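First the structure, in the form of C-alpha cells, and then the observations on it.
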Amino acid sequence: MDWIICVRSYIKVVEEGSFNGAAYQLNTTGSAISKRINWLEEKVGVQLLKRTTRSLDQTEAGQLFYQRSRLQLDQWMSLVDEARSVNQTPTGILKIGATTAVGSKFIIKYLNDFLLKYPKIKIQLLTTSPGQMPETYVDVFISRDLEQLNSHNYKAIELFKNDAKFFASPDYIEKYGKPETIDDLESHNMLIWGERPIREVKLSTGNRITLRGNFATTNPEALFYGAKCGMGVLLASKKMLEDLTEVGELLPVLPELTVDHGSVCAYYPTLDYEHTRTQLFIKYLKERIQLKG
Numbered sequence: 001m002d003w004i005i006c007v008r009s010y011i012k013v014v015e016e017g018s019f020n021g022a023a024y025q026l027n028t029t030g031s032a033i034s035k036r037i038n039w040l041e042e043k044v045g046v047q048l049l050k051r052t053t054r055s056l057d058q059t060e061a062g063q064l065f066y067q068r069s070r071l072q073l074d075q076w077m078s079l080v081d082e083a084r085s086v087n088q089t090p091t092g093i094l095k096i097g098a099t100t101a102v103g104s105k106f107i108i109k110y111l112n113d114f115l116l117k118y119p120k121i122k123i124q125l126l127t128t129s130p131g132q133m134p135e136t137y138v139d140v141f142i143s144r145d146l147e148q149l150n151s152h153n154y155k156a157i158e159l160f161k162n163d164a165k166f167f168a169s170p171d172y173i174e175k176y177g178k179p180e181t182i183d184d185l186e187s188h189n190m191l192i193w194g195e196r197p198i199r200e201v202k203l204s205t206g207n208r209i210t211l212r213g214n215f216a217t218t219n220p221e222a223l224f225y226g227a228k229c230g231m232g233v234l235l236a237s238k239k240m241l242e243d244l245t246e247v248g249e250l251l252p253v254l255p256e257l258t259v260d261h262g263s264v265c266a267y268y269p270t271l272d273y274e275h276t277r278t279q280l281f282i283k284y285l286k287e288r289i290q291l292k293g
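When we follow full-length UniProt numbering, the leftmost residue of the sequence shown carries the number 1, and every step to the right adds one.
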C-alpha cells in the first residue's frame with residue numbers, strides 16, 4: 001500500500017462522509033477505499049473511524065489524524081509541485097472557489113487564455129452563495145471582502161475595487177426615460193439584490209437613497225438578465241457587467257454616482273508551500289485586470 005494514497009483516501013472519506021463518496025471522488029471502488037483505511041489504521045495503530053450500518057464517524061484519534069494529515073498532505077503536495085515546476089511546465093488541478101456572480105460573470109472570461117498559456121493545468125470552478133465560506137480544499141477563493149477569511153488561516157490579495165454603478169438597457173431608457181438626478185432614481189423601477197424589493201444605499205456623494213422595485217432576487221444571473229431585458233435599473237459592479245456594457249446591451253445611468261461595495265480579493269490558504277499554479281493564476285488575473293483598467 002502507498003502511504004500518501006491511503007492518507008488521501010482517509011481525508012476524502014471524512015470529507016464525503018462515506019466510502020462510496022470518497023471512491024467516486026478518487027475514481028476507484030468502495031472496497032478499495034475500505035482496504036486502504038484498514039491498512040492505514042493498522043499502520044497508525046489506532047482506530048480512526050467508527051463504522052456502523054447507518055453511520056461513519058471519526059474517533060477522537062481520527063479527528064486529530066484528519067486535521068494534521070490534511071495540512072501535512074497539502075504541504076507535501078505543494079513541495080512536490082514546487083520541485084517539479086523548477087524544470088517542468090506547471091501541471092495539476094487548480095481548484096478555484098468563487099461566489100456565483102464572480103464565477104459566472106468575471107472569472108470565467110479569463111480562464112480560456114490561462115489554460116492556453118498553461119495547457120497542463122486543469123481547472124475546477126466551484127461556486128458558493130454570497131457570504132458563504134469556501135470549501136476547505138480550494139486552492140484560491142475569489143470573493144468580495146469576507147471578514148471571516150481575513151485571518152491567519154488565509155492570505156488575501158486585492159484584485160480590484162468593487163464600486164457599484166447604475167445601469168439600464170436601451171429599451172428601458174426608451175420607454176421610461178433616463179434618470180438625470182439622484183431624486184429621479186427613487187422614482188424609477190429598480191432591480192433589487194436581496195430578499196425584499198426595497199433597499200437603502202449610501203452614494204459616493206454622501207446621500208442615502210431608498211431603491212424600490214417590483215423584482216428582488218439573490219440570483220445574480222436573474223438580475224443581470226432582467227436588466228438586459230428592460231425590467232428596470234440595476235445597481236451592480238461594472239466588472240460584472242463588462243460583457244453587457246461593451247456591446248451596448250446595458251448603458252450607464254448617472255455614471256458619476258457610485259456605491260462602495262468594498263473590494264474583490266483572491267484568498268488562498270496560509271501554507272508553508274504555495275502551489276505554483278495558484279501563484280501563476282493570481283498573477284495572471286491581476287495582470288489581465290490591470291490591462292482592462
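Think of the CB as a built atom: it goes at the ideal place given N, C-alpha and C, for glycine as much as any other residue.
Values in this document were obtained by computation on a predicted structure and should not be read as measured data.
Pair within 8 Å by beta-carbon distance, residue i and residue j
{"i": "residue 231", "j": "residue 191", "result": "yes"}
{"i": "residue 73", "j": "residue 121", "result": "no"}
{"i": "residue 250", "j": "residue 165", "result": "no"}
{"i": "residue 56", "j": "residue 17", "result": "yes"}
{"i": "residue 247", "j": "residue 168", "result": "no"}
{"i": "residue 269", "j": "residue 176", "result": "no"}
{"i": "residue 1", "j": "residue 51", "result": "no"}
{"i": "residue 146", "j": "residue 285", "result": "no"}
Own chain partners of residue i with C-beta closer than 6 Å, once the 5 adjacent residues on each side are dropped
{"i": "residue 69", "result": "7"}
{"i": "residue 173", "result": "none"}
Cβ-based neighbour list, residue i, same chain, cut-off 7 Å, excluding 5 preceding and 5 following
{"i": "residue 138", "result": "95, 96, 97 and 126"}
{"i": "residue 103", "result": "125 and 127"}
{"i": "residue 20", "result": "30"}
{"i": "residue 288", "result": "110"}
{"i": "residue 123", "result": "94, 96, 111 and 115"}
{"i": "residue 282", "result": "140, 157 and 266"}
{"i": "residue 90", "result": "118, 120, 121, 276, 277 and 280"}
{"i": "residue 214", "result": "189 and 197"}
{"i": "residue 350", "result": "This structure does not reach residue 350, given that the chain is present from 1 up to 293, and the question cannot be answered."}
{"i": "residue 22", "result": "9, 12, 13, 16 and 33"}
{"i": "residue 217", "result": "223"}
Residues sharing a beta bridge with residue i, DSSP
{"i": "residue 57", "result": "50"}
{"i": "residue 33", "result": "DSSP, once it has assigned bridges, lists no residue as partnering residue 33."}
{"i": "residue 233", "result": "190"}
Contact set for residue i: own chain, Cβ-Cβ below 8 Å, skip 5 residues either direction
{"i": "residue 211", "result": "185, 186, 190, 192, 198, 199, 200, 201 and 235"}
{"i": "residue 26", "result": "8, 9, 12 and 33"}
{"i": "residue 182", "result": "203, 205, 207, 209, 254 and 257"}
Contact belief for residue i with residue j at Cβ below 8 Å, rounded distance in angstroms
{"i": "residue 58", "j": "residue 66", "result": "6 Å"}
{"i": "residue 143", "j": "residue 264", "result": "7 Å"}
{"i": "residue 42", "j": "residue 48", "result": "That pair is no contact at about 11 Å."}
Legend entry - In chain order, each beta strand (DSSP E) run of at least 3 residues that lies wholly inside the stretch 128-216: Here the runs fully enclosed are 140-144, 154-161, 164-168, 190-193, 198-202 and 208-212.
Inset, instruction - Quick one: which unbroken beta strand (DSSP E) runs of 3-plus residues sit fully inside the stretch 235-288? Chain order, please. - result: 251-253 and 263-269
Legend entry - beta strand (DSSP E) runs wholly inside the stretch 93-125, at least 3 long, in chain order: none
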